[in-house]
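Just below is one structure, and these are the notes that go with it.
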Amino acid sequence: MRRPKNEEDQLSEEDIEALADEAERGYDLDKAIRVTVGRPSLGSEGVSPRVQVRVDPQLAEALKALALEEHRSVSEIARVALREYVDRAA
Numbered sequence: 174m175r176r177p178k179n180e181e182d183q184l185s186e187e188d189i190e191a192l193a194d195e196a197e198r199g200y201d202l203d204k205a206i207r208v209t210v211g212r213p214s215l216g217s218e219g220v221s222p223r224v225q226v227r228v229d230p231q232l233a234e235a236l237k238a239l240a241l242e243e244h245r246s247v248s249e250i251a252r253v254a255l256r257e258y259v260d261r262a263a
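The numbering of the sequence shown is our numbering, which starts it at 174 and goes up by one.
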């Protein structure tokens, strides 16, 4: 459990009681704000499966350096490379 940094971070007994009362009354979920977590989907399907691969350390370093140089992510470079490979093999 996180410890408060100072007394201003602590809830008073009145705060706790007010929050408990609010919870007991129930919440109107129609007014709730939907929060999306994680990366957005890459396709229209709504799901982007993760594919993990292992590479040798030299390839990993070269890939990171290229991504930095091109202002792209390692994932983007890998997706493009895989797409080109699959399209060529088909």
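Glycine is no exception: its CB is placed at the ideal position from the N, C-alpha and C atoms.
- The alpha-carbon separation between Ala193 and Ser185 amounts to approximately 12 Å.
- Sequence-distant Cβ neighbours of Ile250 in its own chain, meaning closer than 8 Å and more than five residues away, are Leu236, Leu239, Ala240 and Glu243.
- The DSSP assignment places 230-243 and 247-262 as complete runs of the alpha helix (DSSP H) inside the region 218-263, in order along the chain (cut-off: 4 residues).
- For Ile189, the enclosing alpha helix (DSSP H) has its first and last residue at Glu186 to Arg198.
- For Leu202, the secondary structure class from DSSP, reduced to helix, strand or coil, is helix.
- If you compare the alpha carbons of Pro230, Asp229, Val228 and Gly211 with that of Ser221, the shortest gap goes to Gly211.
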